[in-house]
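Student: Got a structure here, written out as structure tokens. Questions coming.
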Amino acid sequence: MADVERGGNLNIDEGTTWDVLLAKWVEEHDDLREGTFLVRKSVIDALLIPSIGEVMIVRTSRATLAKLIDHCLHNTSIGVSRYESALTTLKVVTKWAIQREYLMREPFGTMEEVTEAISAGRKRIRNLRPNNMGEVGPHGVIAYSREDVPTWGEVTKLAKTVASVVRDADRDAVAARRAAAAVRLAAGTGLRECELLGLTVDDVDLVRGFVNLWRQVDRYVKSDLPRKYAPLKGSNVQDKSSPQKVHVWKKVKNDLEYLVKNAGPSGELFPKPSDTDCSTIVSWWERRTKVARETAQISWPMHMLRHHYGSYSTASREEGGMGLSYATVQKSMGHKNLKTTMDKYIHSVRSEHDGWVA
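If you read the sequence shown in the numbering used here, its first letter stands for residue 9, the second for the next number, and so on.
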């Protein structure tokens, strides 16, 4: 009864949840300056919807703000900058919603209470030093050793869990196999999420063992029917005539062959399951992997699969790696310069107390 009374004077249905409100904000702000809009949309998709999307508007309270802050604290890939971006985006959406009477005033408590909660969260994030996110290496670059990245056993565990989640949610055995293959392929190619999801049959060279990367799926769209693409992040690649040639680990060859054989009607390696309520392949993938990581109690973010590739590719064969040169891995991963690759993936196989070098 209390919820009905709180929502009685609002211009929004009683059962409306935050994910609906956030979608409405996105729909009304397509004309916002492109860069600003994309940042807001990215934060909404990656942080706000997963943390508070299911909260009913009429039940918004300090606990709602706490859910977002806790989500940021427990996501090891989020630093202070991303945290600030999440809170700024929430503030922007909240102000807009109050003006339209979708939200009551001071929905998260008084200004003092909100400021205190945000400050406490910021302080905790600054003090956090996750064990699985590498160390600060030369020039402030986060550096990863093999001990900092997931093992292949952890990769396969996640792949199996993702497949199970997809089978349960989508009732689609082929989509489940594709999802498991996607996890292993991410670890065996170092592709970023949108690069991976944007692959088509034409991008794959099964004879020589390359993925010819020249675009990525566009995550900032409301619907991907038909599939929409965007340029590669920070890359000079303009079109498929001069792609970024990604070296593929042979251990994921069977996965790549399966994906090619079972591609979608337009050649996509990862077509969206037909019965899903997700509007894009990216939103589908992020929802399913989020549930899988929670189910498997995996704390590291999906992006660590890329660092698994970088770390093990540059490690020597004696260390259990692939023994590729840093220059080869730089080009394969699309780093702008060799220094980035060398600073990011570090290897120390000898004790500092061993003077003799054999």
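All C-beta atoms in this analysis are idealised placements derived from N, C-alpha and C, irrespective of residue type, glycine included.
All values derive from a computational prediction rather than experimental measurement.
Taking C-alpha atoms, which residue in G198, W257 and K248 lies nearest to N220?
Tutor: Working through the sequence shown from its first residue, we reach residue 220 at position 212. Out of G198, W257 and K248, K248 has the C-alpha closest to the C-alpha of N220.
Student: Identify the continuous alpha helix (DSSP H) that holds Q107 and give its terminal residues.
Tutor: On the sequence shown, residue 107 is found 99 positions in, with the first residue counted as 1. Looking at the DSSP string, the run of the alpha helix (DSSP H) that includes Q107 is V88 to Q107.
Student: On the criterion of 16 or more Cβ atoms from any shown chain inside 10 Å, does H316 qualify as buried, or is it exposed?
Tutor: Counting from one through the sequence shown, the residue named residue 316 turns up at place 308. Looking at its Cβ environment, which holds 16 or more other Cβ atoms inside 10 Å, H316 is buried.
Student: Roughly how many angstroms separate the alpha carbons of T197 and R296, rounded to a whole number?
Tutor: As a first step, residue 197 is located in the sequence shown; it is residue number 189 there, counting from the start. As a first step, residue 296 is located in the sequence shown; it is residue number 288 there, counting from the start. Spanning the two alpha carbons is a distance of roughly 21 Å.
Student: Look up L221 in the DSSP assignment and say whether it is helix, strand or coil.
Tutor: Residue mapping note: residue 221 aligns to position 213 of the sequence shown, counting from 1. Strand at L221.
Student: Give the single residue among L30, A187 and K32 whose Cα lies nearest to the Cα of V290.
Tutor: Reading the sequence shown from its first residue, position 282 is the one you call residue 290. The option with the nearest alpha carbon to V290 is A187.
Student: Based on Cα-Cα distance, which residue from T123, A335, W292 and L111 lies nearest to L346?
Tutor: In the sequence shown, the residue the question calls residue 346 occupies position 338. Here the closest residue by C-alpha is A335.
Student: I need the straight-line Cα distance from K75 to D263, nearest angstrom please.
Tutor: Counting from 1 along the sequence shown, the entry for residue 75 is found at position 67. Counting from 1 along the sequence shown, the entry for residue 263 is found at position 255. K75 and D263 have their C-alpha atoms roughly 37 Å apart.
Student: Looking only at C-alpha atoms, which of E203, V157 and V209 sits nearest to T84?
Tutor: Residue mapping note: residue 84 aligns to position 76 of the sequence shown, counting from 1. Ranking E203, V157 and V209 by Cα distance to T84 puts V157 first.
Student: Let me check understanding here. Comparing Cα to Cα, which of L207, V215 and P58 lies closest to W222?
Tutor: Here the question's residue 222 lines up with position 214 in the sequence shown. It is L207 whose Cα lies nearest to the Cα of W222.
Student: Tell me where the beta strand (DSSP E) around V254 begins and ends.
Tutor: Position 246 of the sequence shown, counting from 1, holds the residue named residue 254. That run of the beta strand (DSSP E) goes Q252 to H255.
Student: Excluding five sequence neighbours on each side, which residues of the same chain lie with their C-beta closer than 8 Å to the C-beta of V12?
Tutor: In the sequence shown, counting from the first residue as 1, residue 12 sits at position 4. Caution is warranted here: a pLDDT of 38 is assigned to V12, below 50, making its placement in the model unreliable, and the coordinate value is therefore given only provisionally. Contacts found: E22 and V66.
Student: So which of L56, F278 and S243 has the shortest CA-CA distance to Y266?
Tutor: Here the question's residue 266 lines up with position 258 in the sequence shown. Ranked by Cα distance from Y266, the options L56, F278 and S243 are led by F278.
Student: If you drop the 5 nearest sequence neighbours on each side, which residues of the same chain put their C-beta closer than 6 Å to that of N139?
Tutor: Walking along the sequence shown from the start, residue 139 turns up at place 131. With a pLDDT of 40 at N139, under the threshold of 50, the predicted position of this residue should be treated as unreliable, and no value is reported.
Student: Is it true that the CB of P281 sits closer than 8 Å to the CB of D180?
Tutor: For the purposes of this step, residue 180 is taken as the residue at position 172 of the sequence shown. For the purposes of this step, residue 281 is taken as the residue at position 273 of the sequence shown. One thing to note: D180 has its Cβ within 8 Å of the Cβ of P281.
Student: Label G331 either buried or exposed according to how many other C-beta atoms from any shown protein chain fall within 10 Å of its C-beta, with 16 as the threshold for buried.
Tutor: As a working mapping, residue 331 is identified with position 323 in the sequence shown. Exposed, by the Cβ-count rule.
Student: Just checking my contact of S89 with V51 at CB under 8 Å: how many whole Å lie between their CB atoms?
Tutor: Here residue 89 refers to the residue found at position 81 when the sequence shown is read from its first residue. Here residue 51 refers to the residue found at position 43 when the sequence shown is read from its first residue. That pair is no contact at about 11 Å.
Student: Going by beta carbon distance, what residues of the same chain come within less than 6 Å of M310, once the five residues before and after it are set aside?
Tutor: Mapped onto the sequence shown, residue 310 falls at position 302. Counting only Cβ-Cβ distances below 6 Å, and skipping sequence neighbours, we find T297.
Student: Distance check for A151 and E143, CA to CA, integer angstroms please.
Tutor: Locating residue 143 in the sequence shown gives position 135, where the first residue counts as 1. Locating residue 151 in the sequence shown gives position 143, where the first residue counts as 1. With a pLDDT of 47 at E143, under the threshold of 50, the modelled position of this residue cannot be trusted, and the question is left open.
Student: Leaving out five residues before and five after H343 in sequence, what residues of the same chain have Cβ atoms less than 7 Å from its Cβ?
Tutor: Here the question's residue 343 lines up with position 335 in the sequence shown. Only T349 meet the Cβ criterion.
Student: Considering only C-alpha positions, which residue in the set E276, N270 and Q246 is nearest to R235?
Tutor: Mapped onto the sequence shown, residue 235 falls at position 227. Selected option, being the one with the closest Cα: E276.
Student: What residues in its chain sit with their C-beta under 7 Å from that of A184, if we drop five residues either side in the sequence?
Tutor: On the sequence shown, position 176 is the one that residue 184 refers to. Within the same chain, A184 has close Cβ partners A171, V174 and R175.
Student: What does the alpha-carbon distance come out to for the pair I339 and S321?
Tutor: As a working mapping, residue 339 is identified with position 331 in the sequence shown. As a working mapping, residue 321 is identified with position 313 in the sequence shown. The amino acid occupying residue 339 in the given sequence is Lys; Ile does not appear at that position. So the alpha carbons of these two residues sit roughly 12 Å apart.
Student: Would you kindly check if the distance between the Cβ of A300 and the Cβ of L193 is under 8 Å?
Tutor: Within the sequence shown, numbered from 1, the residue matching residue 193 stands at position 185. Within the sequence shown, numbered from 1, the residue matching residue 300 stands at position 292. No. Outside cutoff.
Student: Out of curiosity, what's the CA-to-CA distance linking E326 and I86?
Tutor: To locate residue 326, count along the sequence shown from 1; it is residue 318. To locate residue 86, count along the sequence shown from 1; it is residue 78. Their Cα atoms are separated by approximately 34 Å.
Student: Can you tell me whether DSSP reads A323 as helix, strand or coil?
Tutor: The sequence position of residue 323 within the sequence shown is 315, counting from 1. A323: coil per DSSP, three-state reduction.
Student: Using the Cβ count rule (16 or more neighbours within 10 Å means buried), how would you classify I354?
Tutor: Within the sequence shown, residue 354 is the residue found at index 346, counting from 1. It is buried - the Cβ of I354 has at least 16 other Cβ atoms within 10 Å.
Student: Classify E120 as helix, strand or coil using the three-state DSSP reduction.
Tutor: In the sequence shown, the residue the question calls residue 120 occupies position 112. Helix at E120.
Student: Where does T169 land, buried or exposed, given buried means 16+ other C-beta within 10 angstroms?
Tutor: Translated into positions along the sequence shown, residue 169 becomes position 161. It is buried - the Cβ of T169 has at least 16 other Cβ atoms within 10 Å.
Student: Need the endpoints of the alpha helix (DSSP H) that N262 sits in, please.
Tutor: Numbered from its first residue, the sequence shown carries residue 262 at position 254. First-last of the alpha helix (DSSP H) with N262: K261 to K269.
Student: Looking at the secondary structure, which residues open and close the alpha helix (DSSP H) in which K258 lies?
Tutor: Looking up residue 258 in the sequence shown gives position 250. Unbroken run through K258: none, as it is neither H nor E.
Student: Distance check for L30 and K269, CA to CA, integer angstroms please.
Tutor: For the purposes of this step, residue 269 is identified with residue 261 of the sequence shown, where counting begins at 1. For the purposes of this step, residue 30 is identified with residue 22 of the sequence shown, where counting begins at 1. Approximately 38 Å between the Cα atoms of the pair.
Student: Ignore the nearest five residues each way along the sequence and tell me which others in D27's own chain have a CB closer than 6 Å to its CB.
Tutor: Residue mapping note: residue 27 aligns to position 19 of the sequence shown, counting from 1. Cβ within range, chain order: I57 and G61.
Student: Evaluate M312 with the Cβ neighbour count: other Cβ atoms within 10 Å of its Cβ, from every protein chain shown; 16 or more gives buried, anything less gives exposed.
Tutor: Your numbering for residue 312 matches position 304 in the sequence shown. Classification for M312: buried.
Student: Quick check on DSSP: helix, strand or coil for Y317?
Tutor: Taking the sequence shown and counting its residues from 1, the one referred to as residue 317 is at position 309. Correct three-state label for Y317: helix.
Student: Would W33 pass as a contact of V101 if the rule is Cβ separation under 8 Å?
Tutor: Against the sequence shown, residue 33 aligns to sequence position 25. Against the sequence shown, residue 101 aligns to sequence position 93. Yes.
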